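Visitor: Just dropping this structure here.
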């Protein structure tokens with residue numbers, strides 16, 4: 001029987017940013033869906049040693065699991081996937097960040113793919129390796145403008161307690177295709193769910209000022225959380241991710257509506273001449289919070305109505 005074949009690709013980049021900054025871009029799993037186009041969600045277990053990943057793959061979402069080892073002192077992150085579909089056997093990635101003084105570093109990514117011998121294995125391995133250069137380049141670009149991004153990214157969470165059955169609240173937020181009937185600021189929504197728990201939808205909404213937006217989103221629906229990423233964005237944003245997180249209590253459920261949005265600097269004038277990043281942050285905080293809390297209050301009414309009827 002032929003031995004499995006091992007394929008390796010290493011990419012490096014000199015980065016004009018501190019090693020700790022570049023390291024955190026990879027280490028903090030929240031950055032993956034926000035800053036990497038194909039990233040949808042990464043869900044670590046309690047100690048972070050195992051991670052479930054969801055990524056865009058054309059018009060679908062691909063899911064896989066890895067182990068994950070983080071060496072913070074050594075600025076090193078290693079993942080290994082062993083639940084690969086044939087002809088792949090395993091995929092291992094190793095990131096290291098070597099300081100080059102206080103304000104520079106060298107990033108290195110090594111991808112090691114093990115596959116069964118033959119053309120199919122070679123092709124599958126090549127597909128895994130081909131993105132290494134692009135992702136290293138993206139980390140470099142992010143790290144070198146991190147100070148700017150800290151101002152352009154706004155992240156916040158609004159909680160609302162609902163004295164109703166948690167499953168009814170979840171159903172309201174899960175069944176987004178019914179929102180045009182249930183949520184006034186949603187004027188139209190077309191949804192598909194070809195994979196269980198993975199939804200794509202196109203949605204038309206209206207802001208409190210009357211601005212109309214059409215967005216396309218992908219959602220991953222877990223038992224305790226519904227995660228979304230906009231993949232067709234309003235003109236003001238470079239990225240928008242978030243979730244509905246359900247925390248049960250003896251009296252009902254608290255739902256946390258989270259938004260993380262990256263402002264597009266070149267689009268600031270959409271809000272008016274001389275609009276600043278600070279102005280855009282205030283606008284987004286108000287508009288996004290208003291819309292999500294409106295949705296939650298309609299979910300609240302939906303879930304609490306049976307209790308009031310008793």
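Residue numbers (the UniProt record's numbering): 1 to 310.
Positions of the beta carbon are idealized from the N, C-alpha and C atoms, including for glycine.
Since this is a predicted model, take the numbers as computed values, not measurements.
#1: In this structure, does DSSP put residue 33 in helix, strand or coil?
#2: Which of the three DSSP states, helix, strand or coil, is assigned to residue 269?
#3: Can you give me the C-alpha to C-alpha distance between residue 39 and residue 252, rounded to a whole angstrom?
#4: I'd like to know if the stretch 243-251 and the stretch 122-136 are in contact, where contact means that at least 3 CB-CB pairs between them fall below 8 Å.
#5: Shortest alpha-carbon distance to residue 193 belongs to which of 33, 23 and 177?
#6: Smallest Cα separation from residue 85: which of 28, 62 and 157?
#7: Need the endpoints of the beta strand (DSSP E) that residue 123 sits in, please.
#8: State the beta-bridge partners of residue 4 as determined by DSSP.
#9: What's the call for residue 292, buried or exposed, on a 16-neighbour Cβ count within 10 Å?
#10: Hey, how far is the Cα of residue 190 from the Cα of residue 212?
#11: Below 8 Å between beta carbons: does that hold for residue 163 and residue 304?
#12: Can you tell me the Cα-Cα spacing of residue 69 and residue 77, whole angstroms?
#13: Between the stretch 134-141 and the stretch 10-25, do at least 3 Cβ pairs fall closer than 8 Å?
#14: According to the Cβ coordinates, are residue 255 and residue 153 closer than 8 Å?
Guide: By the coordinates alone:
#1: Taking the chain shown and counting its residues from 1, one reaches residue 33 at position 33. DSSP places residue 33 in helix when its eight states are reduced to three.
#2: Your numbering for residue 269 matches position 269 in the chain shown. Looking at residue 269 - three-state DSSP - the assignment turns out to be helix.
#3: What you label residue 39 is simply residue 39 of the chain shown in a count that begins at 1. What you label residue 252 is simply residue 252 of the chain shown in a count that begins at 1. Near 32 Å, if we compare the C-alpha coordinates of residue 252 and residue 39.
#4: no
#5: Here residue 193 refers to the residue found at position 193 of the chain shown. Among 33, 23 and 177, the Cα nearest to that of residue 193 belongs to 177.
#6: Here residue 85 refers to the residue found at position 85 when the chain shown is read from its first residue. Taking only the C-alpha atoms, the option nearest residue 85 is 62.
#7: Mapped onto the chain shown, residue 123 falls at position 123. Per DSSP, residue 123 belongs to no beta strand (DSSP E); it is in the alpha helix (DSSP H), 119-129.
#8: Residue numbering aside, residue 4 sits at position 4 when the chain shown is read from its first letter. None, per the DSSP bridge assignment.
#9: Against the chain shown, residue 292 aligns to sequence position 292. Its Cβ being crowded by 16 or more others within 10 Å, residue 292 is buried.
#10: The count along the chain shown starts at 1 and reaches residue 190 at position 190. The count along the chain shown starts at 1 and reaches residue 212 at position 212. So the alpha carbons of these two residues sit roughly 16 Å apart.
#11: As a first step, residue 163 is located in the chain shown; it is residue number 163 there, counting from the start. As a first step, residue 304 is located in the chain shown; it is residue number 304 there, counting from the start. Taking 8 Å as the Cβ cut-off, residue 163 and residue 304 qualify as a contacting pair.
#12: If you number the chain shown from 1, residue 69 lands on position 69. If you number the chain shown from 1, residue 77 lands on position 77. Straight-line Cα distance between these residues: approximately 6 Å.
#13: yes
#14: Residue mapping note: residue 255 aligns to position 255 of the chain shown, counting from 1. Residue mapping note: residue 153 aligns to position 153 of the chain shown, counting from 1. Taking 8 Å as the Cβ cut-off, residue 255 and residue 153 do not qualify as a contacting pair.
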